[in-house]
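Positions in the sequence shown are counted from 1; adding 51 to them yields this note's numbering.
Note that the Cβ used here is the ideal one computed from N, Cα and C, for glycine as well.
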Amino acid sequence: MHIDLKLPRRTLVAIAAALVLPGAAFAKCGDIKGKGDITIVAPAFPSTQHMAKEMESCSWDGLKVTVKVTPDARVETERAFASDGKSAFDAAIISGGVYSSLASKGQVQPITDLVAKYKARYKLEDGMLVKSNGQVMAVAFQQNAQNLFYRKDVFDKLGLKVPTTYDEMLQAAAVIKAKDPAIDFPIAQTFAKGWDIGAEFINIYIGFGGQLFKPGSAQPAFNSEAGVKTIELMKSMSKFMTPNFLASNSDDVMNQFQQGKAAMGVLWASRAARMDDPAASKIVGKMEFAAAPAAMPGGKSATHLWWDGVALPKNIAGDRDVVFQVLMDALDDESTAAGNDLTIWVRSSYKPTRFGTGVTLSAKAGAPIWPSEPYLGLAHGELGKLVPEALGGTMTPKQALDAAAENYVKAATEKGFIK
């Protein structure tokens with residue numbers, strides 16, 4: 052990046068492109084050398100939608116960049132990175148949890164050489180580099196956590212205090228249900244079958260002091276008393292949620308909040324800015340953010356700290372050098388400044404906003420970093436399948452957890468994690 056220029060690099064590049072290539076679209080990435088088609092997959096939230104536009108703006112002069120923004124990005128990423136042939140995507144925006152799963156299978160490509168080559172141009176900071184065994188494997192761009200969203204106007208009207216524990220949340224929910232008929236569901240939370248409810252279980256379970264695995268091994272430990280307490284708490288919460296709570300993913304919970312149907316719940320901080328989007332939200336300025344509640348009095352905030360970043364597949368089909376440049380151009384200081392209010396950016400140039408309050412408070416309340424065991428994804432998957440059975444009443448909490456543990460042991464043994 053030419054910091055001595057009086058005009059922003061992209062502005063000058065665009066002008067040059069217009070002069071040299073009459074009729075061409077104004078280009079933002081004119082210093083990228085390379086041609087061909089590049090395809091990237093990304094989850095659907097404000098910061099990634101912003102980045103997708105930045106990346107696709109690099110399409111010019113023989114280079115075409117397509118970003119697939121989808122709620123199913125995690126599934127599509129895992130499928131593409133695991134393909135026996137070339138990956139359908141040349142890069143992906145992933146969470147730290149997804150990275151751990153992919154890296155444990157050797158499906159992520161080291162990018163140490165590319166970082167060294169382009170670090171100065173894109174002002175890559177050491178805090179952005181995700182390393183494993185000395186190799187840079189991903190570049191992080193935002194911090195994230197599931198933190199408490201709550202309707203300040205509703206809480207003020209009813210004289211409620213912001214809950215610091217899940218018991219306090221349930222007490223507040225009972226008051227809202229009894230006294231505010233305008234709120235359809237006092238609580239909205241990501242209890243959708245699969246990944247979402249598995250993550251909710253892990254957050255609360257560890258908040259209860261539970262251990263996912265036996266010390267020093269991959270043997271399961273989540274089918275315990277703390278596990279039963281976790282499911283019982285989740286069942287108590289479900290009474291204040293939509294009847295379709297087992298289908299409530301992040302998009303659904305966000306929509307419930309935006310439409311004024313729900314008063315509080317734990318949701319990703321990356322969705323916070325959407326609460327004030329006048330084109331989609333009826334509650335602009337009414338939602339506030341706090342630390343995720345503790346599972347028990349005196350406990351740590353029952354959530355985890357995450358990072359989201361970009362990574363290349365081992366089986367990449369495109370030109371890795373060009374792909375990396377496109378990704379880094381969308382993560383530069385100019386892009387961060389343009390999307391400053393959309394998330395909690397990792398770059399030091401980020402200026403904090405109120406939308407990141409919940410993450411900061413959750414961290415101060417002791418929220419740990421998401422577990423990184425390579426076999427966690429297997430346990431997470433089984434919990435996502437079987438915890439809903441307990442919430443739906445077809446199994447007891449202990450039966451569901453024992454079944455999840457049994458299935459996990461089989462899968463972990465097949466993968467060689469359990470001998």
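- For R371, the secondary structure class from DSSP, reduced to helix, strand or coil, is helix.
- In the three-state DSSP reduction, L221 falls in the helix class (H, G or I).
- Segment contact: the region 402 to 417 against the region 220 to 237, fewer than three CB-CB distances shorter than 8 Å; contact not assigned.
- Per DSSP, reduced to three states, the secondary structure at Y256 is helical.
- Here S301 is actually not in contact with Q240; their C-beta atoms are around 10 Å apart, not less than 8 Å.
- By the criterion of a C-beta distance shorter than 6 Å, S146 is surrounded in its chain by W357, D359, once the five residues flanking it on both sides are discounted.
- Closest in C-alpha terms to D88, from the list L434, A381, D370, D177, comes D370.
- The Cβ atoms of A343 and L434 do not sit closer than 8 Å to each other.
- Separation of F296 and L437 (C-alpha to C-alpha, rounded to the nearest whole angstrom) is 15 Å.
- Within the same chain, and ignoring the five residues on either side of G336 in sequence, the residues whose Cβ sits closer than 7 Å to its Cβ are D327.
- The Cβ-Cβ distance between K286 and L442 falls below 8 Å.
- Counting the other Cβ atoms within 10 Å of the Cβ of Q310 gives fewer than 16, which makes it exposed.
- When secondary structure is reduced to three states using DSSP, M446 falls in the coil class, being assigned neither helix nor strand.
- The continuous alpha helix (DSSP H) containing M305 extends over residues 301 to 309.
- For A154, the closest alpha carbon among the candidates A330, D453, L427 is that of L427.
- In this chain, the beta strand (DSSP E) harbouring K115 covers 114 to 120.
- Taken in chain order, the whole alpha helix (DSSP H) runs of length 4 or more contained in the region 163 to 220 are 163 to 169, 203 to 209.
- Ranking R125, K119, K84, G136 by CA distance to the CA of D112 puts K84 first.
- Excluding the 5 residues flanking it on each side, P122 has same chain C-beta neighbours closer than 6 Å at A95, D302, in chain order.
- The shortest C-alpha to C-alpha distance from Q160 to any of I91, G258, V187 is the one to V187.
- Residue range 276 to 289 is occupied by the alpha helix (DSSP H) that includes A277.
- Under the three-pair Cβ rule at 8 Å, the region 246 to 266 counts as touching the region 275 to 290.
- If you draw a straight line from the Cα of L393 to the Cα of L318, it comes to about 15 Å.
- Between the alpha carbons of D141 and G249 lies a distance of about 28 Å.
- E424 carries a coil assignment under DSSP once its states are collapsed to helix, strand and coil.
- Of the candidates K351, G350, K312, K312 places its Cα closest to the Cα of K333.
- K203 and V460 have their C-alpha atoms some 45 Å from each other.
- An exposed status is given to G136, since fewer than 16 other beta-carbon atoms sit within 10 Å of its beta-carbon.
- For G85, the three-state secondary structure derived from DSSP is coil.
- Counted as a single uninterrupted DSSP element, the beta strand (DSSP E) harbouring V361 occupies residues 356 to 362.
- Residue range 97 to 107 is occupied by the alpha helix (DSSP H) that includes P97, with no beta strand (DSSP E) assigned at that position.
- Shown here, I395 sits in a strand according to DSSP, grouped into three states.
- In the same chain as Q158, and ignoring 5 residues on each side of it, the C-beta atoms closer than 7 Å to its own belong to F132, A133, P364, K365, in chain order.
- When C-alpha distances from E107 are compared across A189, S151, H431, V374, the shortest belongs to V374.
- Relative to the Cα of M220, the nearest Cα in the group I469, I367, H431, A345 belongs to A345.
- The straight-line gap separating the alpha-carbon atoms of V126 and K208 is approximately 42 Å.
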